[in-house]
Structure formats: structure tokens, C-alpha cells
Amino acid sequence: MSNEVEILLVDDSPEDVELTIRALRRSKIANEIQIAEDGAEALDFLFCRGSHGDRTFSHPPKLVLLDLKLPKIDGLEVLRAMRADERTRAIPVVILTSSKEQKDVIKGYNLGVNAFVQKPVDFEQFGEAIRQIGMFWMLINQSPPRGAFAESKAQGA
Amino acid sequence: MNNRAILLGTMTSSSKAIAACALLIVVCIGALSFWSEVRNEDDREWVTHTLLVVEKLQAIRIDITQSETGQRGYLLTGREEYLEPYQAGLDLVRRDMQVLRDMTSDNPREQKAILRLGPLIAARLAELSGGIEARKESGLLAGVEAVAYGNTGGKWMGRIGAEIGEMSETERRLLNSRLDAATASTRKMKVVIVCGNALAILILLVKGFVIQRETGRRNLAEQKLKHANDRLERSTAELSETNIELESFAYSVAHDLRAPLRHIAGFSNVLAEDYGPQLDGEGRRCLGKLADGAQKMGRLVDDLLSLSKVGRQELSLGAVLLDSLLRQAVEELAPECSGREIQWRIGDLFSAECDPGLMKQVFVNLMSNAIKYTGKRKHAVIEVGQTMLNGERVVFVRDNGAGFEMQYVGKLFGVFQRLHKAGDFEGTGVGLAIVQRIIRKHGGRIWAEAELDRGATFFFTLGTPEISPASEPNFTIKQEVMHV
Numbered sequence: 060m061s062n063e064v065e066i067l068l069v070d071d072s073p074e075d076v077e078l079t080i081r082a083l084r085r086s087k088i089a090n091e092i093q094i095a096e097d098g099a100e101a102l103d104f105l106f107c108r109g110s111h112g113d114r115t116f117s118h119p120p121k122l123v124l125l126d127l128k129l130p131k132i133d134g135l136e137v138l139r140a141m142r143a144d145e146r147t148r149a150i151p152v153v154i155l156t157s158s159k160e161q162k163d164v165i166k167g168y169n170l171g172v173n174a175f176v177q178k179p180v181d182f183e184q185f186g187e188a189i190r191q192i193g194m195f196w197m198l199i200n201q202s203p204p205r206g207a208f209a210e211s212k213a214q215g216a
Numbered sequence: 022m023n024n025r026a027i028l029l030g031t032m033t034s035s036s037k038a039i040a041a042c043a044l045l046i047v048v049c050i051g052a053l054s055f056w057s058e059v060r061n062e063d064d065r066e067w068v069t070h071t072l073l074v075v076e077k078l079q080a081i082r083i084d085i086t087q088s089e090t091g092q093r094g095y096l097l098t099g100r101e102e103y104l105e106p107y108q109a110g111l112d113l114v115r116r117d118m119q120v121l122r123d124m125t126s127d128n129p130r131e132q133k134a135i136l137r138l139g140p141l142i143a144a145r146l147a148e149l150s151g152g153i154e155a156r157k158e159s160g161l162l163a164g165v166e167a168v169a170y171g172n173t174g175g176k177w178m179g180r181i182g183a184e185i186g187e188m189s190e191t192e193r194r195l196l197n198s199r200l201d202a203a204t205a206s207t208r209k210m211k212v213v214i215v216c217g218n219a220l221a222i223l224i225l226l227v228k229g230f231v232i233q234r235e236t237g238r239r240n241l242a243e244q245k246l247k248h249a250n251d252r253l254e255r256s257t258a259e260l261s262e263t264n265i266e267l268e269s270f271a272y273s274v275a276h277d278l279r280a281p282l283r284h285i286a287g288f289s290n291v292l293a294e295d296y297g298p299q300l301d302g303e304g305r306r307c308l309g310k311l312a313d314g315a316q317k318m319g320r321l322v323d324d325l326l327s328l329s330k331v332g333r334q335e336l337s338l339g340a341v342l343l344d345s346l347l348r349q350a351v352e353e354l355a356p357e358c359s360g361r362e363i364q365w366r367i368g369d370l371f372s373a374e375c376d377p378g379l380m381k382q383v384f385v386n387l388m389s390n391a392i393k394y395t396g397k398r399k400h401a402v403i404e405v406g407q408t409m410l411n412g413e414r415v416v417f418v419r420d421n422g423a424g425f426e427m428q429y430v431g432k433l434f435g436v437f438q439r440l441h442k443a444g445d446f447e448g449t450g451v452g453l454a455i456v457q458r459i460i461r462k463h464g465g466r467i468w469a470e471a472e473l474d475r476g477a478t479f480f481f482t483l484g485t486p487e488i489s490p491a492s493e494p495n496f497t498i499k500q501e502v503m504h505v
């Protein structure tokens with residue numbers, strides 16, 4: 060079970076990815092982190108297709124950390140596709156982005172995001188935000204039972 | 022607003038005078054026509070009158086002749102039946118004379134003529150009567166003698182005829198002269214009416230032409246005005262579009278700056294954590310400066326983002342109790358007050374129509390400034406309340422802090438403008454710019470009064486209508502001392 064992906068981190072900035080992973084590791088929260096550098100790759104992973112064809116829906120990530128500005132398919136589209144399919148609908152998604160523009164916040168919640176967090180510039184605050192997010196969704200929050208949504212009769216995405 | 026209606030409504034005084042002139046002429050002509058008609062009627066009456074008088078004069082002559090015929094018959098025959106026509110003639114003479122007198126009662130000249138005629142007729146009638154008396158008393162011969170002797174009948178009748186003829190002639194002459202005068206005046210009247218009407222029509226035509234030309238000019242002016250308005254509207258639209266673009270630009274620049282800043286801050290932290298021990302003091306100091314700089318710039322960018330957000334944000338107006346906004350703002354500022362002794366004097370505020378979120382930010386920013394600039398006071402006093410200035414309700418925020426020199430007041434609300442050294446008081450110089458933007462968005466004004474080292478007071482008005490005056494119009498002090 061140790062190699063089961065716990066967090067899918069969708070971010071196109073390698074620096075942000077590095078800093079996020081560092082913050083998560085420092086808090087000793089998640090060991091298995093999958094990186095997706097654009098929306099298309101994130102959807103491939105979530106829907107077990109393409110280079111992730113060997114995955115199954117019965118082992119979804121416990122949390123998706125989703126940036127909004129992404130190459131190919133942007134974050135809100137990824138979210139929309141996830142919420143449209145019963146097999147991915149229940150996966151907790153936290154938008155983690157530079158923007159806190161109101162219309163993005165509203166769109167995010169309309170599409171059913173679980174939380175919306177702006178990345179703080181200050182690294183202490185950034186680390187603290189990541190730590191709290193990880194703590195809550197990995198440890199405090201009760202995840203959906205494994206496989207509960209895997210066999211639903213959704214029309215694949 | 023309809024410009025046309027306004028233009029047409031304000032007729033020039035000269036054009037009013039012209040219209041009044043035409044109207045006056047038409048009225049005069051109407052009056053003249055009426056007067057002329059009345060006079061024509063008079064003239065017609067005069068003609069009738071004259072003809073009646075002439076006819077009556079002739080009738081009197083015939084009456085006398087009838088009496089005379091009766092008398093002659095009696096004189097010759099002595100038969101009483103001849104006295105009947107005689108008597109009837111007498112009666113007729115008397116009656117006709119009376120009618121004539123009545124008819125001419127208002128004409129002294131005719132009355133005079135009648136006075137002359139009266140005795141002549143009386144004399145003739147007396148003669149006739151004398152003949153009859155003689156025949157009655159002394160028989161046929163005496164009667165004939167009476168006629169023959171005093172055969173003055175012809176003389177009297179001649180004079181009567183002459184008098185009547187003269188009177189008739191006078192009447193006719195008078196009538197003719199009157200008719201001539203009436204004809205002449207009617208002719209003159211016709212000329213006046215024709216000329217007057219022609220003049221009135223001419224004036225109205227000229228007036229109409231002038232109005233048409235003026236209307237044309239007005240239409241042209243209106244059109245020009247409309248074009249100018251259109252241009253202005255286009256420029257305004259362009260300007261606001263440019264403003265929006267500028268705001269979006271500022272926003273995206275600020276936004277895109279955040280990511281690299283986060284990386285600078287993040288990796289300097291990584292460096293400090295992972296390689297700190299390997300660095301010497303100077304290395305660590307430089308690293309600290311790097312992190313500080315990134316942090317400061319982060320704050321600037323965030324403030325700039327807030328400012329641009331206020332600029333782009335649409336006001337969502339609602340009825341707001343400023344009192345409760347103020348309370349919320351004070352609560353929000355509690356962390357900034359920790360470890361400070363601040364005496365709050367909060368007065369009653371009115372309710373107004375405004376954007377509650379933005380107005381709260383106004384209070385937060387102003388009071389946060391007050392807290393910051395009283396930082397070096399042992400006993401800080403911050404006062405918030407309302408007052409009336411020139412009939413306008415004004416909210417004020419006063420502190421006993423560092424204040425500033427009034428000569429720099431013009432820079433107070435500028436973006437990134439600061440009146441204090443960063444070493445004395447921290448800040449980015451955006452807070453008051455945001456406050457000013459919010460107040461201006463509401464259509465209000467903001468200004469400040471201060472004295473260096475004696476504190477500052479910020480005043481603002483709201484352009485939006487206030488909903489109800491506070492129950493207590495005077496400034497009351499609710500004291501609330503915060504010891505944290």
C-alpha cells in the first residue's frame with residue numbers, strides 16, 4: 060500500500076511543485092505524491108487512461124491539489140470533468156493558486172470544489188497553508204470508502 | 022432632456038414683438054370693420070328717415086288739399102256730407118304734423134322749419150274754416166265771397182308748398198352729402214382693411230420665414246450638439262475601456278509577479294534551512310535581506326491587487342448601519358491592538374446606502390492607520406464619530422498619533438505615497454489610496470487635517486443618500502478602553 064498515490068498535485072511550475080512537496084514532506088503528511096504538469100495529464104491520471112492506463116478507479120487519490128492556470132486544459136476544466144463523472148465526483152479537490160480573483164473563486168465553488176486557497180508569497184505562510192491543508196484532508200477528514208464509486212455506471216470521460 | 026423644446030420655448034423678445042404687432046393690426050382692422058358697419062347702418066337709417074320725412078311733408082300737402090276739396094264742396098252745395106272729407110283732412114294734417122314733429126324731435130334745424138311751416142298751415146286751415154263759417158251763417162254767396170275776398174288761399178298754399186319743397190330739398194341735400202361722406206369713408210375703410218390685412222399677412226409670412234430659418238439653424242445646432250455628445254460618449258466609453266484594460270493590466274502584472282516572488286521567498290528559505298549552517302554570518306544576513314525584500318514586495322503586490330480590485334469592483338449598494346460596520350471593523354483590528362493601550366471613543370453613526378464590504382474596508386484602513394500612527398503613544402486615543410459640516414453629514418476618524426505636516430497633505434492619498442519613513446512606521450502607501458477610491462466610487466469626498474506630532478483627523482462624506490439620521494445627532498462618547 061505504500062506506493063498508493065495519496066495526493067495528486069497539478070501544477071505547471073516546477074518551483075511551486077518543489078516548494079509544495081517540501082512543505083508536505085516537512086509536515087510528514089504524504090509520502091506518495093503524483094505530479095501532473097498540465098490538465099490533460101491530470102485527467103489521464105484521474106481517468107486511468109493514456110500513460111496511466113494501468114491504474115484502476117478503485118484507488119483514487121485522497122486529495123487533488125489543483126492549480127488554475129495550466130497548459131492544455133485549465134484547472135477549472137479538470138474540475139468540471141471530475142465532477143461530471145460519478146467515478147471521480149467524490150474525490151476532494153482543493154484549488155491552490157496564485158489568484159484569488161472573485162470570478163475564479165465563484166466558478167470554482169459552482170463546479171463543486173472543496174476548498175479554495177491562495178498561495179501566500181511568504182514561505183512560512185505558504186508552508187503553514189500546505190501543512191493545514193494536508194493535515195485536514197489526509198488525517199482529519201474521512202475519505203470516501205475505497206472503491207465505493209469505482210463501479211458506478213458513468214459514461215467515461 | 023429635449024433641447025428642441027427648450028429652444029422653441031425661448032422665443033426672442035423681438036420675434037415676440039413682431040407677432041404682437043401682427044396681432045394688433047388684425048385686431049385694429051376687426052374693430053375698424055365693425056365700426057364701419059355700425060356707421061353704414063346709421064347711414065341706412067338716415068336714408069330711411071329722410072325719405073320718411075319727405076314723404077310726410079308731401080302727405081301734409083295732400084291732407085290740406087283734401088280739406089280744401091271738402092270745404093269747396095260744402096261751400097258750393099251746403100251739404101253736410103262735404104264737411105266729412107274736410108274734417109278728415111284736418112285730422113290728417115294734425116296727425117301728420119305731430120308725426121313729423123316726433124320724427125324730427127332730435128333735429129333742431131328741422132324743428133325750426135316745422136315752426137315756420139306750422140303757422141302757415143294754421144293760417145290756411147283758419148281760412149278754410151272761415152269760409153265754412155260764412156257759408157253756414159250767411160249762405161252760399163257769403164261763403165263764396167269769403168273765398169273770393171280773402172282769396173289768399175293760393176298765397177298760403179304757395180308758401181306752404183315752397184316751405185315743404187325747401188324742407189324736402191334740404192333733407193335730400195343733407196342725405197346726399199351724408200351718402201357722399203359715407204361712400205368716401207367706406208372707400209377709405211376698404212383701403213385700410215386691404216392694406217392692413219396685406220401688412221399683417223406680410224408680417225406673418227416674414228415671421229414664418231424667420232421661424233423656419235431659426236428652426237433650421239436650431240436643428241443644425243442640435244445635430245452638432247448630438248454629434249459632440251456622441252463623440253463625448255465614445256471617448257468616455259473608450260476611456261473607461263482603457264481604464265478597465267489598465268486595471269486588468271495592473272492586476273495581471275501584480276498577479277504574475279506573485280509566483281516568482283513566492284519562489285524567491287521560498288527558495289531563500291530552503292537555502293537558509295538546508296545550507297544555513299554552511300554559510301557565515303554575512304551570508305545568512307544577505308539571505309535574510311533577500312527574504313525580507315521578497316516579503317515586502319509581496320505585500321506591495323497584494324496591496325496593488327486590492328487597489329485594482331476596488332477600481333474594477335462594481336458597487337453593490339444596500340442600506341447599511343454604519344454603526345455595525347464600525348463595530349465589525351474594530352473587532353477585525355483587535356490583533357493589531359494587542360499589547361497596546363488604546364482608548365476608543367466611538368460615537369453614533371447614521372445609516373446610509375453604500376457597499377458594506379467596501380465601507381468596512383474604509384473603516385478598517387482608517388482605523389488601522391490610526392492604530393499604527395499612535396504606536397509611539399503611551400495612551401493612544403482613537404475617536405470615530407459624525408458631525409455636520411455645511412449641512413452635510415461627515416464621518417471622522419481622529420487619533421492623537423504622529424500626524425503629518427499639512428504641506429504634504431496633497432500626497433496623502435497617492436498610491437505608494439508615504440509621509441513617514443519606513444523605519445518609523447511600516448506600510449506600503451496604498452491603504453489611503455484604496456480608501457479614497459472607495460469614497461469616490463460612492464460619490465463622496467475625503468480629506469484630512471493634521472499637525473505633526475499632534476495627531477490627524479480624516480473626514481469623509483458619502484455621496485449616496487443617507488437613510489435616516491442617527492437618533493442622537495450630537496456626538497456622544499461611548500468609552501471603551503482596550504487593555505490587551
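As you go down the protein sequences, you meet chains A and B in turn.
If you count by the numbering used here, then the first sequence holds residues 60 to 216, one letter each, in order.
If you count by the numbering used here, then the second sequence holds residues 22 to 505, one letter each, in order.
We put the CB at the ideal spot given by N, CA and C, even for glycine.
Assuming residue i is part of the beta strand (DSSP E), what are its boundary residues?
i	result
ALA340 (chain B)	339–342
CYS4 (chain B)	Absent from the structure is residue 4 (chain B), since the part of chain B shown begins at 22 and ends at 505.
GLN364 (chain B)	362–367
LEU67 (chain A)	66–69
ILE165 (chain A)	Where ILE165 (chain A) is concerned, there is no enclosing beta strand (DSSP E), although the alpha helix (DSSP H) it sits in stretches over 161–169.
VAL79 (chain A)	Here residue 79 (chain A) is Thr; the residue named in the question, Val, does not match the sequence. Counting along the chain, THR79 (chain A) falls outside any beta strand (DSSP E), though it belongs to the alpha helix (DSSP H) covering 73–85.
Quick check: residue i and residue j, are their CB atoms within less than 8 Å of each other?
i	j	result
LEU53 (chain B)	MET188 (chain B)	no
LEU111 (chain B)	ILE185 (chain B)	no
VAL176 (chain A)	ILE192 (chain A)	yes
LYS121 (chain A)	MET197 (chain A)	yes
ILE222 (chain B)	CYS42 (chain B)	no
GLN364 (chain B)	ALA401 (chain B)	yes
GLY186 (chain A)	ARG84 (chain A)	no
Find the nearest neighbour of residue i within the set the options, judged by alpha-carbon distance.
i	options	result
ARG148 (chain A)	A:ILE66, A:PHE106, A:LEU129	A:PHE106
ARG146 (chain A)	A:PRO204, A:ASP71, A:ASP75	A:PRO204
ALA423 (chain B)	B:ALA312, B:ARG193, B:PHE270, B:LYS442	B:LYS442
ARG306 (chain B)	B:ASN290, B:MET318, B:LEU321, B:ARG320	B:ASN290
GLY217 (chain B)	B:ILE50, B:ARG234, B:ILE460, B:LEU146	B:ILE50
TYR394 (chain B)	B:ARG361, B:LYS432, B:ARG82, B:GLU352	B:ARG361
SER206 (chain B)	B:HIS463, B:ILE142, B:LEU483, B:SER57	B:SER57
VAL165 (chain B)	B:LEU346, B:THR86, B:SER150, B:MET210	B:SER150
LEU483 (chain B)	B:TRP468, B:ALA477, B:GLY464	B:GLY464
Straight-line CA distance for residue i to residue j?
i	j	result
TYR296 (chain B)	GLU303 (chain B)	14 Å
VAL331 (chain B)	ARG458 (chain B)	7 Å
LEU80 (chain A)	ILE132 (chain A)	One point to set straight first is that residue 80 (chain A) is Ile, not Leu, in the sequence displayed. Answer to the nearest angstrom: the Cα atoms are 23 Å apart.
LYS159 (chain A)	ALA280 (chain B)	13 Å
ASN421 (chain B)	GLY435 (chain B)	23 Å
ARG142 (chain A)	PHE270 (chain B)	32 Å
ALA491 (chain B)	PHE371 (chain B)	Residue confidence for ALA491 (chain B) is low, a pLDDT of 46 falling below 50, so the modelled location carries little weight; the figure read from the coordinates is stated next. Straight-line Cα distance between these residues: approximately 5 Å.
VAL430 (chain B)	VAL451 (chain B)	15 Å
MET118 (chain B)	LEU44 (chain B)	53 Å
VAL120 (chain B)	LEU72 (chain B)	14 Å
ALA312 (chain B)	HIS276 (chain B)	19 Å
ALA315 (chain B)	ALA286 (chain B)	6 Å
ILE39 (chain B)	SER256 (chain B)	44 Å
GLY339 (chain B)	ARG238 (chain B)	47 Å
ASN173 (chain A)	ARG252 (chain B)	49 Å
THR156 (chain A)	ARG190 (chain A)	16 Å
Who are the Cβ neighbours of residue i in its own chain at under 7 Å, not counting the five residues just before and after it?
i	result
LYS37 (chain B)	none
THR125 (chain B)	VAL74, GLU131, GLN132, ILE135
TYR95 (chain B)	TYR103, LEU104, TYR107, ILE153, ARG156
LEU292 (chain B)	LEU308
In terms of residue numbering, what span does the alpha helix (DSSP H) encompassing residue i cover?
i	result
MET409 (chain B)	MET409 (chain B) -> not in any alpha helix (DSSP H); beta strand (DSSP E) instead, spanning 401–410.
LEU122 (chain A)	Counting along the chain, LEU122 (chain A) falls outside any alpha helix (DSSP H), though it belongs to the beta strand (DSSP E) covering 122–125.
ARG458 (chain B)	452–462
ASP420 (chain B)	No alpha helix (DSSP H) contains ASP420 (chain B), which is instead part of the beta strand (DSSP E) from 413–420.
ILE92 (chain A)	Unbroken run through ILE92 (chain A) is the beta strand (DSSP E), 92–95; no alpha helix (DSSP H).
Grab me the residues of residue i's own chain with a C-beta within less than 8 Å of its C-beta, minus the 5 sequence neighbours each way, in chain order.
i	result
VAL59 (chain B)	none
GLY98 (chain A)	VAL69, LEU129, PRO130, LYS131, ILE132, ASP133, GLY134, GLU136, VAL137
ASN386 (chain B)	GLY452, LEU453, ILE455, VAL456
LEU473 (chain B)	ALA423, GLY424, PHE425, GLU426
Looking only at its chain, what residues have a beta carbon closer than 6 Å to the beta carbon of residue i, apart from the 5 residues adjacent to it on each side?
i	result
TRP67 (chain B)	ARG199
ARG114 (chain A)	CYS107
Should residue i be counted as a contact of the ligand PLP given a C-beta to heavy atom distance under 7 Å?
i	result
LEU325 (chain B)	Absence of the ligand PLP from the depicted structure is noted, as is the absence of any ligand whatsoever, leaving it without description.
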